[in-house]
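Asker: Residues 1 to 427 (the working numbering) make up the sequence shown, in order.
Note that the Cβ used here is the ideal one computed from N, Cα and C, for glycine as well.
Dropping the structure in here first, questions after.
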Amino acid sequence: MKLSDDEKITYLANLVAVSRADGSVSPNEIHAVEEAQKRIGAKRTALRKAEALAQGEGFLPSVVGTFSARIANLEDMVSVSLADGVLDQAEKPVILAFARLVGITNEQFQLLVSEVRASFNDSDATRACPSCSAKVPRDAKFCPKCGSSLETTDRDAAVAVEYSIPISGIAVEFAESTASGFIDAVRKAKTAPENAESVKGGKTWYMAAWPKNQIAEAAKLVEDLKGMRNRKVWVDGKESRWDEVFGFTWCNDQRGSAYRPLEYCFGVDEKRLNIWGCKNARMDWSGWAEWFSYGNFKKNGFLKAGHIFVFDKKRIRHELETNLYRVRFCPHLNFRLIDAVLVNLPDEVEATVKGDWTYKRDYEESPGSIRVKEKIVGNGYTHTDEYYASGVTPRTPAIGLAILKKAFDATDVDASVLKGVLSYRGE
């Protein structure tokens, strides 16, 4: 049979269309298509193109090649349909429409069908194992490759050609793979509240979905998908970037192995306290933290011993939202607590040289900074230290912890399990 490369693609697309007509594809249907691909001398790339063509919207089988090639194509279409045991009622109209294009009579068509049925009883006829898809003798009882019983019918082993992505929650998709974590990934996917399988592009795809508040369960599946290329994630029915949904997993793993996991998120283990409850906020409670410059010294706010600094809470919130965006789905991230911390952060503070809030030293003058003159006395000498300040610095962690304690109370967080955080005293 002589066919051009494009004709081979159309030839195979006709077979794929038949296999998908009833809404599912069985192992034996896949086996029949692959056998036809080999017989006409088509490459695997041609089969992948044929699968994409057949899955396109509005595809209808069309004739290619000589009359004998068209008859062979029709015969293969019947073989695909009968591969799972019956000429399916959804597949039959597709085949009959193609038979009319070929130009054969009903009697000739019935004869062709009977001959295809008879070929399945040949001594050298093969079938696909429902478990591993290996080619085995049609009369075998067990698969010689995986050992599975072959009593499972081909129709029972069929996989849907499509599934719907849930319009709410987190949905993860991945394709069959040789990666080491694939088997465990399939097992975990099948335990999800909503899961499905389908055949796309010649590969079996798996879908597992959870409500957003159960993303920790999705993260367990994600662990097994490392290194796999064919994977997708959907949030509320919309495809999203993988790293923007599961950007928290590496930090979640660190938290899981921490000596005190509940305190890990507040940075106590690294002696870098943050009162937001997430290291990824990158807004520590320390003298060098940039966010203590978010605001301005109030005009006419000069006191006898210091100045009034007004925090720019809108900018602080924006910084938090920006830094936390890629970990926003972390199951340990408490946005109510973050809001409560921001509410309990003073709107303005009094900056003095020896008070609870001191001046944040700058290396040089900057817009909005003020010049501070500090009188230093020591060893019998007195001198004036002059520097610029664009913000403030808390003298001790206790100031931040008092804010955090109020936020715990406002959000009903059990502070008793976070005693290590509230008793933090710094270096």
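Using DSSP's beta-bridge definition, name the partner residues of Arg127.
Answerer: Start at 1 with the first residue of the sequence shown, and residue 127 comes out as number 127. Paired residue(s): Val136.
Asker: Could you give the first and the last residue of the continuous beta strand (DSSP E) run that contains Asn195?
Answerer: As a working note, residue 195 is residue 195 in the sequence shown. Note, Asn195: beta strand (DSSP E), Glu194 to Lys200.
Asker: Below 8 Å between beta carbons: does that hold for Lys360 and Thr393?
Answerer: Position 360 of the sequence shown, counted from the start, is the residue given in the question as residue 360. Position 393 of the sequence shown, counted from the start, is the residue given in the question as residue 393. Yes, they are a contact pair.
Asker: At 4 residues or longer, what runs of the alpha helix (DSSP H) sit wholly inside the region 278-333?
Answerer: 313-324
Asker: On the premise that Asp312 lies in contact with Gly295, defined as a C-beta separation below 8 Å, what is that separation, rounded to the nearest angstrom?
Answerer: As a working note, residue 295 is residue 295 in the sequence shown. As a working note, residue 312 is residue 312 in the sequence shown. Confirmed, about 4 Å.
Asker: Should Trp234 go down as buried or exposed, given a rule of 16 or more other Cβ atoms within 10 Å for buried?
Answerer: Mapped onto the sequence shown, residue 234 falls at position 234. Counting the other Cβ atoms within 10 Å of the Cβ of Trp234 gives 16 or more, which makes it buried.
Asker: Please classify Gln89 as buried or exposed, where buried requires at least 16 other C-beta atoms within 10 Å of its C-beta.
Answerer: Start at 1 with the first residue of the sequence shown, and residue 89 comes out as number 89. When all chains shown are included, Gln89 counts as exposed.
Asker: For Pro193, does the count of other Cβ atoms within 10 angstroms reach 16, so buried, or fall short, so exposed?
Answerer: Taking the sequence shown and counting its residues from 1, the one referred to as residue 193 is at position 193. The residue is exposed, with fewer than 16 neighbouring Cβ atoms inside 10 Å.
Asker: If I measure Cβ to Cβ from Arg336 and keep anything under 6 Å in the same chain, skipping five residues before and after, which residues do I get?
Answerer: Sequence index remark: in the sequence shown, residue 336 carries index 336 (1-based). Taken in chain order, the residues that qualify are Thr411.
Asker: Please name the residue, chosen from Arg395, Val353, Ala389 and Leu60, that lies closest to Leu101 on a Cα-to-Cα basis.
Answerer: For the purposes of this step, residue 101 is taken as residue 101 along the sequence shown, with counting starting at 1. The shortest C-alpha separation from Leu101 is found at Leu60.
Asker: Counting only the same chain and skipping the five closest in sequence on each side, list residues whose C-beta sits under 7 Å from that of Arg425.
Answerer: Translated into the one-based positions of the sequence shown, residue 425 becomes position 425. These residues qualify, in order along the chain: Pro397.
Asker: Reducing DSSP to helix, strand and coil, say where Met207 ends up.
Answerer: Residue numbering aside, residue 207 sits at position 207 when the sequence shown is read from its first letter. If DSSP states are grouped into helix, strand and coil, Met207 belongs with the strands.
Asker: Taking just the CA atoms, how far does Trp357 sit from Tyr264?
Answerer: Indexing the sequence shown from 1 puts residue 264 at position 264. Indexing the sequence shown from 1 puts residue 357 at position 357. When rounded, the distance between both Cα atoms is 27 Å.
Asker: Note the first and the last residue of the continuous beta strand (DSSP E) segment covering Val172.
Answerer: Within the sequence shown, numbered from 1, the residue matching residue 172 stands at position 172. Run containing Val172: Ile170 to Ala175, per the beta strand (DSSP E) assignment.
Asker: Are the beta-carbon atoms belonging to Glu319 and Trp291 less than 8 Å from one another?
Answerer: To locate residue 319, count along the sequence shown from 1; it is residue 319. To locate residue 291, count along the sequence shown from 1; it is residue 291. Contact: yes.
Asker: Let me check understanding here. Comparing Cα to Cα, which of Ala125, Lys145 and Lys141 lies closest to Ala134?
Answerer: Here residue 134 is taken as the residue at index 134 of the sequence shown, counted from 1. The candidate whose alpha carbon is nearest that of Ala134 is Lys145.
Asker: Going by C-alpha distance, which of Gly58, Glu34 and Gly56 is nearest Leu47?
Answerer: Translated into positions along the sequence shown, residue 47 becomes position 47. Per the Cα distances, Glu34.
Asker: Could you check whether Ala52 and Arg20 sit closer than 8 Å to each other, using their CB atoms as the reference points?
Answerer: Working through the sequence shown from its first residue, we reach residue 20 at position 20. Working through the sequence shown from its first residue, we reach residue 52 at position 52. The criterion of a C-beta distance shorter than 8 Å is not satisfied by Arg20 and Ala52.
Asker: Taking 8 Å as the cut-off, decide whether the C-beta atoms of Phe248 and Phe329 are in contact.
Answerer: For this step, residue 248 is matched to residue 248 along the sequence shown. For this step, residue 329 is matched to residue 329 along the sequence shown. Their beta carbons are under 8 Å apart, which means Phe248 touches Phe329 by this criterion.
Asker: Let me check one thing: in DSSP terms, what residues is Phe248 bridge-paired to?
Answerer: Taking the first residue of the sequence shown as 1, we reach residue 248 at position 248. As DSSP reads the structure, Phe248 sits in no beta bridge.
Asker: What do you reckon, are the CB atoms on Ala407 and Asn344 nearer than 8 Å?
Answerer: As a first step, residue 407 must be located in the sequence shown, where it is residue number 407. As a first step, residue 344 must be located in the sequence shown, where it is residue number 344. Contact: yes.
Asker: Buried or exposed: which applies to Tyr206, given that a residue is buried once 16 or more other Cβ atoms fall within 10 Å of its Cβ?
Answerer: Here residue 206 corresponds to residue number 206 of the sequence shown, with the count starting at 1. With 16 or more neighbouring CB atoms inside 10 Å of its own CB, Tyr206 falls in the buried class.
Asker: Are the CB atoms of Phe98 and Met77 within a distance shorter than 8 Å?
Answerer: Within the sequence shown, numbered from 1, the residue matching residue 77 stands at position 77. Within the sequence shown, numbered from 1, the residue matching residue 98 stands at position 98. Yes, these two residues count as a Cβ contact at 8 Å.
Asker: Counting pairs of beta carbons, one from the region 213-231 and one from the region 161-173, are three or more of them closer than 8 Å?
Answerer: Segments in contact, yes.
Asker: On a CA-only basis, which of Arg70, Ile9 and Val63 is nearest Lys43? Give me that one, please.
Answerer: One-based indexing of the sequence shown puts residue 43 at position 43. Ranking Arg70, Ile9 and Val63 by Cα distance to Lys43 puts Ile9 first.
Asker: Look up Pro397 in the DSSP assignment and say whether it is helix, strand or coil.
Answerer: Working through the sequence shown from its first residue, we reach residue 397 at position 397. Pro397: helix per DSSP, three-state reduction.
Asker: Going residue by residue through the region 41-67, where are the continuous alpha helix (DSSP H) segments of at least 4 residues, counting only ones entirely within it?
Answerer: 44-54
Asker: For Arg221 versus Ala208, is the C-beta spacing smaller than 8 Å?
Answerer: For the purposes of this step, residue 221 is identified with residue 221 of the sequence shown, where counting begins at 1. For the purposes of this step, residue 208 is identified with residue 208 of the sequence shown, where counting begins at 1. Correcting the residue type first, residue 221 is Leu in the shown sequence and not Arg. Cβ distance < 8 Å, so Leu221 and Ala208 count as in contact.
Asker: Please classify Arg403: does DSSP put it in a helix, a strand, or coil?
Answerer: Residue 403 sits at position 403 when you count from the first residue of the sequence shown. This sequence places Ile at residue 403; Arg is not what is there. Looking at Ile403 - three-state DSSP - the assignment turns out to be helix.
Asker: Per DSSP, what kind of secondary structure is Phe408 in: helix, strand or coil?
Answerer: As a position in the sequence shown, residue 408 is number 408, starting the count at 1. Looking at Phe408 - three-state DSSP - the assignment turns out to be helix.
Asker: By Cβ distance below 8 Å, which residues in the same chain neighbour Val116 in space, the five residues on each side in sequence not counted?
Answerer: Against the sequence shown, residue 116 aligns to sequence position 116. So the list reads Glu75, Val78, Ser79 and Leu82, once near-sequence residues are dropped.
Asker: With a Cβ-Cβ cutoff of 8 Å, do Ala389 and Lys405 count as a contact?
Answerer: The residue you call residue 389 lines up with position 389 of the sequence shown. The residue you call residue 405 lines up with position 405 of the sequence shown. No, Cβ-Cβ distance for Ala389 and Lys405 is not below 8 Å.
Asker: Please confirm whether Met228 and Ser177 have their CB atoms less than 8 Å apart.
Answerer: Counting from 1 along the sequence shown, the entry for residue 228 is found at position 228. Counting from 1 along the sequence shown, the entry for residue 177 is found at position 177. Going by C-beta atoms, Met228 is nearer than 8 Å to Ser177.
Asker: Only counting the same chain, and skipping five residues up and downstream in sequence, which positions put a Cβ closer than 6 Å to that of Lys279?
Answerer: Residue mapping note: residue 279 aligns to position 279 of the sequence shown, counting from 1. Here the set comprises Gly267.
Asker: Measuring straight from C-alpha to C-alpha, what distance separates Asp352 and Asp409?
Answerer: Within the sequence shown, the letter at position 352 stands for residue 352. Within the sequence shown, the letter at position 409 stands for residue 409. Checking the displayed sequence, the identity of residue 352 turns out to be Thr instead of Asp. So the alpha carbons of these two residues sit roughly 30 Å apart.
Asker: Who are the Cβ neighbours of Glu386 in its own chain at under 8 Å, not counting the five residues just before and after it?
Answerer: Within the sequence shown, residue 386 is the residue found at index 386, counting from 1. Closer than 8 Å at Cβ, skipping near neighbours: Arg371, Val372, Lys373 and Glu374.
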